[in-house]
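> First, the structure itself, so that you have it in front of you.
Numbering (our numbering), first residue to last: 1 to 119.
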(Lines of atoms letter the chains of each structure in order from A; the text may use other names.)
(Lines give C-alpha, C1' and ligand atoms only; values in the text may rest on other atoms or scores of the structure.)
Protein backbone atom coordinates (compact mmCIF):
# COMPACT_ATOMS: atom_id res chain seq x y z
CA UNK A 1 0.00 0.00 0.00
CA UNK A 2 1.32 3.41 -0.97
CA UNK A 3 2.51 5.86 1.65
CA UNK A 4 1.36 8.78 -0.51
CA UNK A 5 -1.31 8.88 -3.21
CA UNK A 6 -1.56 11.78 -5.63
CA UNK A 7 -4.49 12.22 -7.98
CA UNK A 8 -2.62 14.32 -10.53
CA UNK A 9 -4.46 17.18 -12.19
CA UNK A 10 -1.50 19.45 -13.03
CA UNK A 11 1.45 18.42 -15.18
CA UNK A 12 4.62 19.88 -16.59
CA UNK A 13 7.49 18.91 -18.82
CA UNK A 14 10.54 21.07 -19.42
CA UNK A 15 13.64 20.37 -21.47
CA UNK A 16 16.69 22.57 -21.02
CA UNK A 17 20.28 21.86 -22.08
CA UNK A 18 19.48 18.17 -22.60
CA UNK A 19 17.96 17.75 -19.13
CA UNK A 20 14.29 16.82 -18.88
CA UNK A 21 12.07 17.70 -15.92
CA UNK A 22 8.70 15.95 -15.60
CA UNK A 23 6.17 16.72 -12.89
CA UNK A 24 2.81 15.49 -11.63
CA UNK A 25 0.83 17.46 -9.04
CA UNK A 26 -2.52 17.31 -7.30
CA UNK A 27 -3.09 20.97 -8.25
CA UNK A 28 -1.23 24.13 -9.26
CA UNK A 29 -0.47 24.63 -5.55
CA UNK A 30 2.69 22.66 -4.65
CA UNK A 31 1.48 22.31 -1.06
CA UNK A 32 -1.17 19.87 -2.34
CA UNK A 33 1.50 17.31 -3.29
CA UNK A 34 3.66 16.58 -6.30
CA UNK A 35 6.33 14.30 -7.72
CA UNK A 36 9.14 15.70 -9.86
CA UNK A 37 11.69 13.75 -11.91
CA UNK A 38 14.73 15.38 -13.52
CA UNK A 39 17.63 14.02 -15.53
CA UNK A 40 19.07 13.09 -18.88
CA UNK A 41 16.77 10.87 -20.98
CA UNK A 42 17.91 7.26 -21.01
CA UNK A 43 20.51 7.76 -18.26
CA UNK A 44 20.78 5.19 -15.50
CA UNK A 45 18.00 5.39 -12.96
CA UNK A 46 20.55 6.23 -10.24
CA UNK A 47 21.23 9.58 -11.90
CA UNK A 48 17.56 10.62 -12.09
CA UNK A 49 16.65 13.17 -9.42
CA UNK A 50 13.27 12.69 -7.74
CA UNK A 51 11.46 15.10 -5.43
CA UNK A 52 8.27 14.48 -3.48
CA UNK A 53 6.21 17.51 -2.39
CA UNK A 54 9.17 19.58 -1.11
CA UNK A 55 12.76 20.18 -2.18
CA UNK A 56 13.99 18.86 1.18
CA UNK A 57 12.56 15.49 0.07
CA UNK A 58 14.60 15.28 -3.12
CA UNK A 59 17.65 13.28 -4.17
CA UNK A 60 19.26 11.31 -6.93
CA UNK A 61 20.09 7.63 -6.46
CA UNK A 62 16.71 7.29 -4.72
CA UNK A 63 14.52 5.44 -7.24
CA UNK A 64 14.16 1.69 -6.88
CA UNK A 65 11.39 1.23 -9.46
CA UNK A 66 8.72 3.06 -11.42
CA UNK A 67 5.91 0.74 -12.45
CA UNK A 68 3.38 2.02 -14.96
CA UNK A 69 -0.28 0.96 -15.09
CA UNK A 70 -3.49 2.11 -16.75
CA UNK A 71 -4.13 4.30 -13.69
CA UNK A 72 -0.74 6.06 -13.74
CA UNK A 73 2.38 4.78 -12.00
CA UNK A 74 3.86 3.72 -8.69
CA UNK A 75 7.23 5.09 -7.61
CA UNK A 76 9.16 2.99 -5.10
CA UNK A 77 12.14 4.54 -3.36
CA UNK A 78 15.15 2.58 -2.18
CA UNK A 79 15.13 1.72 1.55
CA UNK A 80 18.08 4.09 2.07
CA UNK A 81 16.26 6.94 0.32
CA UNK A 82 13.08 6.29 2.30
CA UNK A 83 14.89 7.41 5.45
CA UNK A 84 15.79 10.70 3.74
CA UNK A 85 12.22 11.12 2.50
CA UNK A 86 10.57 10.90 5.93
CA UNK A 87 10.11 7.11 5.69
CA UNK A 88 8.08 7.41 2.48
CA UNK A 89 8.79 4.32 0.41
CA UNK A 90 5.99 4.20 -2.15
CA UNK A 91 4.06 6.91 -4.01
CA UNK A 92 1.10 6.21 -6.28
CA UNK A 93 0.35 8.81 -8.92
CA UNK A 94 -3.05 8.50 -10.57
CA UNK A 95 -3.67 10.09 -13.96
CA UNK A 96 -7.06 9.96 -15.68
CA UNK A 97 -6.97 7.93 -18.89
CA UNK A 98 -8.79 10.73 -20.74
CA UNK A 99 -6.46 13.51 -19.51
CA UNK A 100 -4.36 14.25 -22.59
CA UNK A 101 -1.90 16.48 -20.69
CA UNK A 102 -1.42 13.79 -18.06
CA UNK A 103 -0.96 11.03 -20.61
CA UNK A 104 1.59 13.05 -22.59
CA UNK A 105 3.48 13.72 -19.34
CA UNK A 106 3.52 9.99 -18.58
CA UNK A 107 4.94 9.45 -22.08
CA UNK A 108 7.66 12.04 -21.33
CA UNK A 109 8.46 10.24 -18.06
CA UNK A 110 8.79 6.93 -19.90
CA UNK A 111 11.24 8.55 -22.33
CA UNK A 112 13.20 10.08 -19.44
CA UNK A 113 13.43 6.65 -17.79
CA UNK A 114 14.26 4.96 -21.11
CA UNK A 115 10.96 3.08 -21.28
CA UNK A 116 9.35 4.44 -24.42
CA UNK A 117 8.93 1.11 -26.22
CA UNK A 118 5.70 -0.25 -24.81
CA UNK A 119 6.29 0.12 -21.07
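The beta-carbon is built from N, C-alpha and C at its ideal position, and this holds for glycine as well. Keep in mind that this is a model prediction, so the values were computed, not measured.
1) Going along the chain, which unbroken runs of the alpha helix (DSSP H) with 4 or more residues stay wholly within the segment 57-88?
2) On the CB-based measure, 16 or more other CB atoms within 10 Å of its CB, does residue 63 come out buried or exposed?
3) Per the contact definition of three or more C-beta pairs closer than 8 Å, is the segment 50-60 in contact with the segment 95-104?
4) Could you name the residues that DSSP lists as bridge partners for residue 90?
5) Taking the straight line between their C-alpha atoms, what separation do you get for residue 121 and residue 29?
6) To which residues of the same chain is residue 60 closer than 8 Å at the C-beta, ignoring the five residues directly before and after it?
7) What is the rounded straight-line gap between the Cα of residue 94 and the Cα of residue 4?
8) Is residue 48 helix, strand or coil by DSSP?
9) Below 8 Å, is the gap between the Cβ of residue 89 and the nearest heavy atom of the ligand NAP?
10) Which same chain residues, not among the five before or five after residue 41, have their C-beta less than 6 Å away from its C-beta?
Short version:
1) Those alpha helix (DSSP H) runs which fall completely within the segment 57-88 and span 4+ residues are 79-84.
2) Here the question's residue 63 lines up with position 63 in the chain shown. Classification for residue 63: buried.
3) no
4) On the chain shown, position 90 is the one that residue 90 refers to. Residue 90 is bridged to 76.
5) Residue 121 cannot be examined here, being either before or after the span of the chain that is shown, 1 to 119.
6) Counted from its first residue, the chain shown places residue 60 at position 60. These residues qualify, in order along the chain: 39, 46, 47, 48, 49, 50.
7) Locating residue 94 in the chain shown gives position 94, counting from the first residue. Locating residue 4 in the chain shown gives position 4, counting from the first residue. Each residue's Cα considered, the two are about 11 Å apart.
8) As a position in the chain shown, residue 48 is number 48, starting the count at 1. Residue 48 falls in the coil class under three-state DSSP.
9) Absence of the ligand NAP from the depicted structure is noted, as is the absence of any ligand whatsoever, leaving it without description.
10) Position 41 of the chain shown, counting from 1, holds the residue named residue 41. For residue 41, where only same-chain residues beyond five positions count, the Cβ hits under 6 Å are 20, 111, 112.
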